[in-house]
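Report on the structure given below.
Residue numbers (our numbering), protein chains in the order written: chain A, 50 to 303; chain B, 428 to 1295; chain C, 183 to 483.
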């Protein structure tokens, strides 16, 4: 992507790194900088705020027990667009930040074709060409990018109302906005699952910012190879043998 | 109104002209709609603008402002030519058959006989009936002059008003009481209407000139359209059928011209010609622009009358007898006919009024205190008052319930006049333009220092804060209760006036003065003199017996102190008092008739005899004897108002007969009992009109063309222009090429509601209605500011570009009309927010007045228009 | 107190299951009749509406028309629309039509409204907004085929004509009806008003030469509880944009009651899916998997 964006992101990363701290122990790899993590959690926060206030607008009769959390339906309606705008705002920087690693490549298409095998955990390691992000993550990223564009356009139309854009525009926007939300809602379940109990060891990437080498060679072999210069398969085999010979050895050297 | 609001529902045809009832009388317009809904009545609206009334009409005809007489004359001509006339009615109930004196000349050249070019007045001696008898079928022969009525024998109509100079002080006026021409007691007539000097033939000749072509040249109405309208209106008299009725409805669009009275005369003639007067759903109906303007006129809110339309004394009325001789008409009629001549009771009304005004101080010996009454020496009409003030002759003014600066005409002149006054007292509910004339736009701080007028502002009460009566256009007295008390220091009008009166009386008591008697002796016997109750005033107006009086016929006696049941009881011997004979019967011993709220309407004609009280004597339709044929049977059995009951030998009916109840049809008493002839006047004899016995079309003073009928005498010959430096009149040559008219909006009430947020929300700003074609030519788009300039001033407002006003061809020339609503000034919600240019519509209007009613010419003057 | 029954609820917006009050005895459907052929554009109805509903003053600006403002406002529910229509012969017809909520039998606002009980339709036909439950989403604005509901940016709620449900509930006529001086506004049962309207249209055809006179009671929204007599019912658009065939956007009718819940549930399948995955496939751990104990320690620092 553009060097200007790269430079901007680099500068932001350095700035935030000088404020925050990422501790990487031996046997670990730096996964996400402070800047990235802060953006992620800001995006997550406003996503959920927008989501929960959105519930009260989407199906108020279903969520009437819930809307009081935000001071009732009317206040939900007032807050929702602001949360949405904040969500899009922070995600915009995340998008710039991740633009390069999120580029789709041939391996991703292959990954997608093998998604059943991968989901069924039939392979111990991810395909060797899985880089910093795998195709699933990229797909979600680009879905959110698309979703944000839809949110932004339809959201503004809904916010300004039929008096500014006409009843038809509102009626169409209303459907698109909801559709986008439904897709994102489905995605968020998978995202949370995989980043927590679905793939243990992942969550710390967004908290501490570091992941174990084993996590890296397992889930992102190409990235592992790129940052360590070692072959992920070999290191995995080495670790396995080590584990077999010295059962008490810890793969997490701390 | 000869009829009433509700009565409009009985009509089959409405000609609405010079009025915009849907906008200015929306509640009354309900009855026009009822007629449409329930009688399939048709509506013709003739107006310079396509108004909201026109939007509801079956036919809308756009007319040039001020050309109404040409249109009406054309319809009269059409009705005569096409025999759409009520022949029996015409012969028996109008003066169509009466012969006019030899020597009377129709205004082919724009002038009737007897014009004095120097004084700009008429010698009206030829405007009179010929003495004689029945000439029906006899060949016309010129009558020798000497045969005319000897002086003194006939009734005297000496109010030969002649424009600006009220005649009383003039030499002609001085002669009025003595040698002036009078109506002959025995009028010559020709029932075949063939005599060339009979009124019908003269009228026919007069209006033959108002051909459709002529109407088109003057009014701008295409011939085809005019003929369609004339045909539609006169269709009620198709084939001589008398069942259907047409009404004519007008308002100030007719009165506010230099020939306004004559427009109404023309309408009355048309209605008489078609036999529509006195009938349910007919008549000539003036829509009053204020809730109580009828009451104001009844109670002598005009300078030249006393309450009940009694004539105002003038300096020649040296004593009561002289006055009564002048004011009381005597019968003048064809010999075989009868005439009630109700005004012959003038002495009773006058003496009762004097007794009401001066009580015990009015005795037979002092002529019932007749000399206490002020005598008017000249014309004190509105425009003259302001002209006099401008010339420094009037030093102070009380302005109650009106906004003198705004009312105009020529508001700038009125503002300048106030600058010259010593003092000004304004009683209002808002800060208005009159009390703040000294801060009118254009007056600088330095100018203000030079204004020495002392302004006193009195806090008045609003209409909803007062009780009392309104007299509506239908002559109904209706009592209303106060809704809320006046706020703060605001006081009721009667409290303010009584306080001033009592203070003045105290000063007279203490200091004497030139002539203290009228003030000291005026009756003021109210329970709380400083704040008289209006019910006491109403009872005083009704009148009471001052001694026991007995009616010899019925032997009914009214005890001294009792309220009188009606004006038939009034006496000229000082035994009765009545503040206004017309209101006698409104508050009787039976109670306050004006407070009645009975909603029963047995006839279904909307008479509602037990609702409120209508003068005279609760009659709802005036001249209702004319609703019957000669035999006393209703023209339309479906709409029976009154009729002759042979068994009872009396007039009976759903309405109170406006007639001598026991006058049998065979006596041939005329139904128009207030005229000494007993008939309706197509031709107005002698001095009742200043400018002609028939209405003749004259151009407005400011007109885009010379009168096509007689270019040499284009405008009204007896109208005089004012002479001060402020009185300027524009011409086409000076570039004033657009005809302008002023009007009111339904959303606003005069200069008042601009202070009320709700009304301001409805129409926030002043505007000028401009025809789309004119706007195109001037490059004006809707909402852009335009400047309208007359010879006197300019007016700035946003343009309302509309296709509702079309360009017109006037005498072959393309002519445009614009309209300006009058409601905005320099104080009000929009004004105070600087959202308007703070110019006044009446800064544009000319100081010209009608010679009969002295109403200014607000409609139809010349301006030019440009983009700001 | 006479007529409380006329305000029994028929259904309320965005509400699943039976509405409170449904099935209770009803009196009759009410209807306002506006006879545009006898309307004089006096705006008494506008004033009565503002006054009865105690709405605050809003400044207007002259806009080259007699019409008070271009459209109704949240604090101005009743607006006479003035239109100059040029007839074929070149003459001008000045049309005035009182614009307000039409109280549709099948209200578009209600179809669009997601909020529980924000819009109430009474058995007498009145469609009323209950601002207490309004969430201010403005979907009703786009759902209305007559462009009636108005959003108040101050309160963030939507407002419109209530057909004076407060007055009607007490057996009175709406304020505009009471104020109308000409009787061009009438109020009564839908059947009566339809009868009067049709009679008037017949009279206009037979006696006033208006061949196209007719009654506006659009069936595309199930009929309305405000009906018009028009000089020319074939072209209602000329009366300030009265739609000939008002319709409710499909996105509300289909979307709200079908796709919304279905797709919402579909999103939940995401959650269900991952759960199934966890149960059936189980988590994927970094390889090689350490013994359980250490793995548990693995994340703790």
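By construction, the Cβ of each residue, glycine as well, lies at the ideal position given by its N, Cα and C atoms.
Residue i, buried or exposed, once every other Cβ within 10 Å from all chains shown has been counted against 16
i, result
"residue 673 of chain B", "buried"
"residue 241 of chain C", "exposed"
"residue 1302 of chain B", "In this structure chain B extends from 428 to 1295, so residue 1302 of chain B is not present and cannot be described."
"residue 38 of chain A", "Any question about residue 38 of chain A goes unanswered here, given that chain A covers just 50 to 303."
"residue 205 of chain C", "At residue 205 of chain C, the pLDDT of 45 sits below 50, so the modelled position is not reliable and the matter cannot be decided from this model."
"residue 316 of chain C", "buried"
"residue 442 of chain B", "buried"
"residue 164 of chain A", "exposed"
"residue 90 of chain A", "exposed"
"residue 270 of chain C", "exposed"
"residue 615 of chain B", "buried"
"residue 428 of chain C", "buried"
"residue 467 of chain B", "exposed"
"residue 321 of chain C", "buried"
Chain B contact for residue i (CB, 8 Å cutoff)
i, result
"residue 375 of chain C", "no"
"residue 276 of chain C", "yes"
"residue 244 of chain C", "yes"
"residue 266 of chain C", "yes"
Interface flag, residue i vs chain C, CB-CB below 8 Å
i, result
"residue 202 of chain A", "no"
"residue 102 of chain A", "no"
"residue 264 of chain A", "yes"
"residue 5 of chain A", "In the structure displayed, chain A extends from 50 to 303; residue 5 of chain A sits before or after that span and is not available."
"residue 292 of chain A", "yes"
"residue 574 of chain B", "Per-residue confidence for residue 574 of chain B stands at a pLDDT of 42, beneath the threshold of 50, marking its modelled position as unreliable; no derived number is given."
"residue 272 of chain A", "no"
"residue 1174 of chain B", "yes"
"residue 69 of chain A", "no"
"residue 284 of chain A", "no"
Strand pairing of residue i, partner residues [DSSP]
i, result
"residue 732 of chain B", "B:738"
"residue 1294 of chain B", "B:1213"
"residue 1040 of chain B", "B:904"
"residue 691 of chain B", "According to DSSP, which records beta bridges pairwise, residue 691 of chain B is partnered with nothing at all."
"residue 186 of chain A", "Residue 186 of chain A is not bridged to any residue."
"residue 259 of chain A", "A:79"
Short CB-CB distance (under 8 Å) between residue i and chain A
i, result
"residue 453 of chain C", "yes"
C-beta neighbour in chain E for residue i, strict 8 Å
i, result
"residue 422 of chain C", "Here chain E cannot be found, since the structure's protein chains are A, B and C."
The stretch 352-369 of chain C: which residues have C-beta closer than 8 Å to a C-beta of chain B, in chain order? Cβ contacts with chain B: 363, 364, 365, 366.
Three Cβ pairs or more, each shorter than 8 Å: is that satisfied between the stretch 840-860 of chain B and the stretch 812-831 of chain B? With a cut-off of 8 Å, the stretch 812-831 of chain B and the stretch 840-860 of chain B count as touching, because enough Cβ pairs lie within range.
Can you confirm whether the stretch 778-787 of chain B touches the stretch 994-1005 of chain B when touching is taken to mean that 3 or more C-beta pairs between the two stretches lie within less than 8 Å? By the Cβ criterion, the stretch 994-1005 of chain B is in contact with the stretch 778-787 of chain B, since at least three pairs of Cβ atoms, one from each stretch, lie closer than 8 Å.
Closer than 7 Å, Cβ to any Cβ of chain C: which residues of the stretch 1183-1194 of chain B, in chain order? Against chain C - using a Cβ distance shorter than 7 Å - the residues of the stretch 1183-1194 of chain B are 1184, 1185, 1188, 1189, 1191, 1192, 1194.
Are the stretch 1128-1148 of chain B and the stretch 723-731 of chain B touching, with three or more C-beta to C-beta distances below 8 Å? Contact fails: fewer than three Cβ-Cβ distances are below 8 Å.
Using a Cβ-Cβ cutoff of 9 Å, what residues of the stretch 474-494 of chain B are near chain C? List them in chain order. Cβ contacts with chain C: 477, 478, 479, 480, 481, 482, 483, 485, 487.
Looking at C-beta atoms only, is the number of pairs between the stretch 488-504 of chain B and the stretch 513-526 of chain B that lie closer than 8 Å three or more? Cβ pair count under 8 Å is below three, so no.
When you check each C-beta in the stretch 222-233 of chain C against every C-beta of chain B, which residues fall closer than 9 Å? When C-beta distances to chain B are compared with 9 Å, the residues of the stretch 222-233 of chain C below that value are 222, 223, 224, 225, 226, 228, 229, 232, 233, in chain order.
Taking contact to mean at least 3 C-beta pairs separated by less than 8 Å, is the stretch 685-698 of chain B in contact with the stretch 275-286 of chain A? No: the two stretches stay apart, fewer than three of their Cβ pairs being nearer than 8 Å.
Chain A contacts from the stretch 396-410 of chain C (Cβ-Cβ distance under 8 Å): Answer set for the stretch 396-410 of chain C: empty.
Check whether the stretch 944-959 of chain B touches the stretch 782-790 of chain B, counting contact only when three or more Cβ pairs, one atom from each stretch, lie closer than 8 Å. The stretch 944-959 of chain B, when compared against the stretch 782-790 of chain B, does touch it at the 8 Å Cβ threshold.
Cβ pair count under 8 Å reaching 3, the stretch 732-745 of chain B against the stretch 444-461 of chain B: The answer is no - the stretch 444-461 of chain B does not touch the stretch 732-745 of chain B, with fewer than three Cβ pairs under 8 Å.
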